[in-house]
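Here the protein sequences come in this chain order: A and B. Those letters in the first sequence? Residues 6 to 369, by our numbering. Those letters in the second sequence? Residues 76 to 346, by our numbering. Glycine included, C-beta positions come from ideal geometry on N, C-alpha and C. Let me begin by presenting the structure, written as structure tokens, before commenting on it.
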Amino acid sequence: MSKELINLKDIVMTFDGEDILKSINLTVKDEEFLTLLGPSGCGKTTTLRIIGGFLTPTSGDVYFDGKRINDLPPYKRNVNTVFQKYALFPHLNVYENIAFGLRLKKVKEPEVKARVEKMLKMVNLEGFEKRSPELLSGGQQQRVAIARALINHPKVLLLDEPLGALDLKLRKEMQLELKKIQRQLGITFIYVTHDQEEALTMSDTVVVMNGGLIQQIGTPQDIYNEPANAFVADFIGASNIIDGVMVRDFTVDFMGHRFECVDKGFAENEPIDVVIRPEDFKLVKPEEGMLSGRVESVIFKGVHYESCVRVGERDLLVHSTVCEPVGSEVGLSVIPFDIHIMHKSTDPASQAFHYDEEGQEDET
Amino acid sequence: MKSFWKAFKGIYSILIFIFLYAPIVVLMVYSFNANKSRGSWGGFSLKWYAKLFSNADILDALKNTLIITALAAIIATIIGTVSAIGIHYMGTRMKSLFLNVNYLPVMNPDIVTGISLLLLFLFLGIKLGYVSLLLAHITFNIPYVIISVLPKLRQMNTHTLEAAMDLGAPPITAFMKAVLPEIWPGVITGFLLAITMSIDDFVISFFTTGPGINTLSIYIYSQAKKGIKPEINALSAIMFIVVLVLLLIVNRRDTADERKESKKVQHRRMN
């Protein structure tokens, strides 16, 4: 897992005078499951297409196994892609779709047969050889696309929102299955999605992108527990992001109170952002809380209630299994470990994410 | 009341069809008339058809028509398909510009196209004859091919070409193996349309042909000035049948395609 396989160095991509990628530096290790995560238009699909060879970066270099491959066309790269909406060939049956890559290499029929059958078995589609891909369900088409891409034994599989068109239950199944296939074959997967839950479930490494820049690279745990900035904190899950001042190491002031925390290394009295996850607040009696406020609204979410608590001028989001009625006075408590401190940033791309900008697809 | 409307609808459509097809039916019936005169029926006969195929001028015109039609349709299909692909991958603004430029010749009166082509050939010093006639036919056929191929490209997945390249196909191979089979029905429809357009054309051919080179329609026109001979009835009947068959094939292909699409959608819903 330690060998470096793909290196992106200072990648800039400009379309019609607009910077889609501003300066991407990324290392992908061998046999790693890496996810590019971000909202629509963040540059994640563009990054994937540069690795696939469908786009040449405006500036910067792409290295594959130590060799610069900027000008290597897609058909000479040891990389295969599972496209958005699959892009299967409707005039060929399932067997010929999967065999397409081998036919191009003029592989002999007995070997083609053996390899296609192995692939069909891996994706659980035995017996579907003669079917037209157009008459398969979305999930089955997805499996054909994966088999077609993997039959060439690529070093890297690129997946562009591959589960986007499937319903939730099938998505969950396919997530586990993809992860299983990746472990089985021991090849690198680079996966593009805007679904943070999907990214956290499947990845070894998550790369959060916004505004053509990488906001944070880390394990799912790092990204969730130690978000690098307000954008990551907000995009990865609903968060409370609060202005504060770092008085000194292990001590922070926000919302008119002084809290103990576990962070250090900030300047004295540096203005910072505090992140507290909604599930890290505990609803207690008003007199027992560190903060106190009034419940503004409660929504039942299944596993928990999502309450909005007004403390002074601010609304805080609280996830809790107890339900306090609207209008009641409550106290909020939080343990030092769950108070996350972040440097304030001036870059707009690292500011908190607003969901009204979200779209389903990333066209570029 | 309901049955009245139903009857009315039926009668109305029959009237429309009579109105549209009566002249052609009369022409075809008279092509089998043993009498030379148009006024009287002298019994069934194939003699005009026999005469038709022993007339050297007509056979020469037929040969010209077949050669021009075949060449023009093939060349226009290639150029039109390539153009359609180019237009398909253009940006939105360029695309709408080129589409409008493409539709213009379709809407343009043939007489204007004919005269402007004539002027162009004279201006460029191209001698009127086979070449100018062929060029003219290619020109007016291209838009029909583009119109037939573009919808097929639109139905195709955006990443089809990339998918083939991704699997190891150089661009030309990827096009031949992945894109062409998908747009093939549109290419064939365009080719058949081009054939009917070429057979059908009189006005543009009339302006762009040279001395001594007749197509069937030009020959018919020149004969009609001397009074319509019964052979012309026979010839027109044959041309009508050929064009009709071609159009029926184009139509069938379209509806078969639609049926396939709706079947696909149904199937998706079931899954």
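Secondary structure of residue 276/A (DSSP, three-state): strand. Per DSSP, the unbroken alpha helix (DSSP H) holding residue 145/A starts and ends at 143-155. In this structure the stretch 124-138 of chain B does not lie against the stretch 191-209 of chain B, because fewer than three pairs of beta carbons, one per stretch, are closer than 8 Å.
Residue 158/A is outside the set of residues whose beta carbon lies under 8 Å from a beta carbon in chain B. Comparing C-alpha distances from residue 263/A to each of 245/A, 339/A, 8/A shows the shortest one belongs to 339/A.
The Cβ of residue 85/B sits no closer than 8 Å to any Cβ of chain A. The contact set of residue 253/B on chain A, defined by CB atoms closer than 7 Å, consists of 94 in chain order.
As the crow flies, the alpha-carbon of residue 270/A is around 13 Å from that of residue 276/A.
Rounded to whole angstroms, the gap between the alpha carbons of residue 49/A and residue 217/A is 8 Å. For residue 221/B, the enclosing alpha helix (DSSP H) begins and ends at 205-230. By the criterion of a C-beta distance shorter than 6 Å, residue 197/A is surrounded in its chain by 41, 49, 50, 53, 165, 166, once the five residues flanking it on both sides are discounted.
Scanning 212/A, 139/A, 100/A for the CA closest to the CA of residue 225/A turns up 212/A. Only exposed fits residue 304/A, as fewer than 16 other CB atoms lie within 10 angstroms of its CB. The three-state reading of DSSP puts residue 308/A in coil, since its state is none of H, G, I, E or B.
Looking at the backbone, the Cα of residue 128/A and that of residue 146/A are separated by about 11 Å. Here the stretch 92-107 of chain B makes contact with the stretch 302-312 of chain B; the two share three or more CB pairs at distances below 8 Å.
The beta carbon of residue 225/B does not come within 8 Å of any beta carbon belonging to chain A, so the residue lies off that interface. Judged by beta-carbon spacing, residue 324/A lies beyond the 8 Å limit of residue 292/A, meaning their Cβ atoms are not closer than that value. Using a Cβ-Cβ cut-off of 8 Å, residue 110/A counts as an interface residue toward chain B, since at least one Cβ of chain B sits closer than that to its own. For residue 124/A, the enclosing alpha helix (DSSP H) covers residues 114-127. Distance between residue 287/A and residue 181/A, taken at the CA atoms: about 33 Å. In the structure shown, the three-state DSSP call for residue 108/A is helix. Going by C-alpha positions, residue 106/A is about 34 Å away from residue 28/A. In the three-state DSSP reduction, residue 296/B falls in the helix class (H, G or I). Against chain A, a Cβ distance below 7 Å from residue 238/B picks out 88, 92. For the C-beta of residue 105/A, the chain B residues within less than 9 Å are, from N- to C-terminus, 238, 239, 242, 243, 244, 252, 253. Residue 347/A places its beta carbon 8 Å or farther from that of residue 159/A.
Looking only at 47/A, 81/A, 168/A, the smallest Cα-Cα distance to residue 24/A is reached by 47/A. Taking a contact to require three or more Cβ pairs closer than 8 Å, the stretch 68-78 of chain A and the stretch 110-118 of chain A do not qualify as touching. Listed in chain order, the alpha helix (DSSP H) runs fully inside the stretch 166-201 of chain A are 173-190, counting runs of at least 4 residues.
If you compare the alpha carbons of 132/A, 89/A, 31/A with that of residue 65/A, the shortest gap goes to 31/A. Between residue 144/B and residue 279/B, the beta carbon gap of about 13 Å keeps them out of contact (Cβ cut-off 8 Å). At a cut-off of 8 Å, the C-beta of residue 73/A has no neighbouring C-beta in chain B. When secondary structure is reduced to three states using DSSP, residue 267/A falls in the coil class, being assigned neither helix nor strand. In this structure, DSSP gives residue 265/B a helical state, which the three-state scheme calls helix. Within the stretch 202-222 of chain B, no residue has its Cβ closer than 9 Å to any Cβ of chain A.
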